[in-house]
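Okay, structure first, notes after.
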Amino acid sequence: MSRRSSKPRSSAASRESIVPDKSTQSSLPQRTLDHVRDQVAHEVAVRAQTKAETVDGVRLGVMLTLPKSDDEDFLRRVAGVLQHQLLLQNHVFAIATTGPSTRQDPRENTLLICGAPETYVQRAVLLASSKFLGRIQVAHNDGSIWVAVVRDLSPAPASADETAIWDALRKCALAPMDPLVPPPGSRSAAEALAAARARLQRLTPTEAYSELLAPAVAAPTFLVDIRSAAERERAGGIAGSLIIERNMLEWRLDPRSEDRLLIVDRYDLRVIVFCEDGVASSLAAVSLLDLGLLNATDVVGGYRAWQKAGLPVAVDADGEIEQPPSVIDILE
């Protein structure tokens with residue numbers, strides 16, 4: 001009897017151990033929709049960091065995800081997770097929804113760019129905006145987070161849109177150049193001027209005047225005034241010179257140009273260029289050398305030196321210096 005009565009007691013005890021105590025059940029936290037959204041946002045943030053790369057010490061990544069009932073709220077949750085986990089690291093991430101959305105227009109997707117410090121975000125925004133011209137409908141910029149509604153973000157893996165976003169992030173993460181250090185291969189204006197003059201056999205005003213007065217020359221010779229209309233109006237000019245402003249010089253004096261002067265039909269022309277002070281004329285003359293006009297040169301000191309040397313300038317009936325009419329209309 002004692003052996004039979006022990007079995008029911010054991011069975012009852014086992015049932016009690018299987019069924020949870022009511023007090024235990026009531027103490028378990030209830031999962032809400034908010035908890036589920038946070039968990040999914042955390043998973044998306046983890047996947048984004050798994051795909052991330054580092055450029056110049058900046059962690060960056062792109063993550064595309066399916067649309068949600070509230071895209072912006074969900075993407076902001078993902079951004080919050082990323083910013084918390086990367087709190088002590090420079091970073092910039094882009095998260096976007098792709099495919100038909102739940103918006104009124106199903107072609108509208110959401111793109112969010114977040115990061116720290118804010119400068120990376122703002123650089124990425126400028127670069128990304130230029131890649132989605134005409135497709136950004138609405139945008140909100142909070143400094144460290146930028147959210148935009150973009151039409152037709154492609155859901156295809158490694159799509160052109162995803163590639164474009166990656167390109168924007170990589171470029172925004174590049175360490176800026178020291179603004180005080182010249183880029184390799186660049187030259188100062190003074191160096192460019194010195195290099196130009198090294199290629200020229202420059203003429204003094206007197207030498208230029210003598211060459212123009214020579215009764216016989218080996219090639220057609222022209223004095224070309226490249227000063228602006230305002231400079232000619234203020235200081236006068238040299239009668240008989242061709243007036244071709246600097247921005248049209250190459251087009252007027254290139255034998256291959258459709259806009260060339262009629263007299264420019266050969267490459268051995270002797271072109272003597274002058275400006276106000278002999279600086280711009282050197283660079284202009286070298287430009288003509290590059291076109292093949294190997295006899296081109298300029299006047300040392302320009303128009304000011306010409307005046308100072310006492311050489312002829314255009315004057316009116318009262319002896320006042322005036323701006324001579326252009327002879328280009330005659331030559332075209």
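Following UniProt numbering, the numbering of the sequence shown begins with 1 at its first residue and continues without gaps.
All C-beta atoms, glycine included, are put in the ideal place defined by N, C-alpha and C.
In this text the structure is predicted, and so the values were computed from the model without any measurement.
Which listed residue (the options) has its alpha carbon closest to that of residue i
| i | options | result |
| --- | --- | --- |
| L253 | A284, L127 and K171 | A284 |
| R199 | L223, G278, L180 and D290 | D290 |
| F132 | I145, H140, I238 and L111 | L111 |
| R246 | Y267, V36, L288 and A214 | L288 |
| V46 | R37, Q85 and L249 | Q85 |
| Q104 | A190, Q39, H140 and V149 | V149 |
| W166 | K308, G310 and T54 | T54 |
| V58 | L87, E43, D38 and A156 | L87 |
| R227 | A239, I244, A214 and T221 | I244 |
Spatial neighbours of residue i in its chain, beta-carbon cut-off 6 Å, leaving aside the 5 residues before and after
| i | result |
| --- | --- |
| R123 | C172 |
| L153 | A96, T98, N109 and D161 |
| A305 | P205 |
| P106 | P100 |
| A296 | V271, A285, L288 and L289 |
| W251 | S257 and D259 |
| I330 | The predicted model places I330 with a pLDDT of 43, which falls under 50 and marks its position as unreliable, so this point remains unresolved. |
| I136 | A148 and V150 |
Cβ shell of residue i (< 7 Å), same chain only, five flanking positions each side left out
| i | result |
| --- | --- |
| L66 | T97 and G99 |
| P255 | V264, D265, R266 and Y267 |
| A309 | P205 and T206 |
Beta-carbon separation (whole angstroms), residue i vs residue j, contact threshold 8 Å
| i | j | result |
| --- | --- | --- |
| N90 | A52 | The pair is not a contact, with the Cβ atoms about 12 Å apart (cut-off 8 Å). |
| L75 | V147 | 7 Å |
| V313 | G236 | 5 Å |
| V121 | C114 | 7 Å |
| E118 | G80 | So it is not a contact: roughly 16 Å between Cβ atoms. |
| S69 | T102 | 6 Å |
| D56 | L174 | 6 Å |
| L242 | D225 | 7 Å |
| A208 | L193 | The Cβ separation is near 19 Å, so there is no contact. |
Buried versus exposed call for residue i [16 or more other C-beta atoms within 10 Å across all chains shown]
| i | result |
| --- | --- |
| P205 | buried |
| A219 | exposed |
| S188 | exposed |
| residue 353 | This structure cannot speak to residue 353, because the chain is shown only from 1 to 332. |
| A216 | exposed |
| R197 | buried |
| M177 | exposed |
| D71 | buried |
| D259 | exposed |
| V138 | exposed |
| R234 | exposed |
| L249 | buried |
| A230 | exposed |
| R151 | exposed |
| A41 | buried |
| L261 | buried |
| V44 | buried |
Chain C contact for residue i (CB, 9 Å cutoff)
| i | result |
| --- | --- |
| S228 | This model lacks chain C altogether; it includes just one protein chain. |
Beta-carbon contacts of residue i that lie in its chain and below 8 Å, excluding the five residues immediately before and after
| i | result |
| --- | --- |
| D298 | L200, R202, L203, I272, V273, F274, C275, G278, S281, S282, A284 and A285 |
| A48 | G61, V62, M63, V78, L82, F93 and I95 |
| A164 | A128, K131 and F132 |
| residue 390 | There is no way to answer for residue 390, as the model of the chain reaches only from 1 to 332. |
Beta-ladder partner(s) of residue i, from DSSP
| i | result |
| --- | --- |
| E108 | R151 |
| C114 | F93 and I145 |
| G61 | F93 |
| D225 | I243 and F274 |
| D298 | V273 |
| V55 | V58 |
| I136 | V150 |
| L203 | V299 |
Any non-hydrogen atom of the ligand GTP within 8 Å of residue i CB
| i | result |
| --- | --- |
| L283 | With respect to the ligand GTP, the structure shown offers nothing to examine, as it has no ligands at all. |
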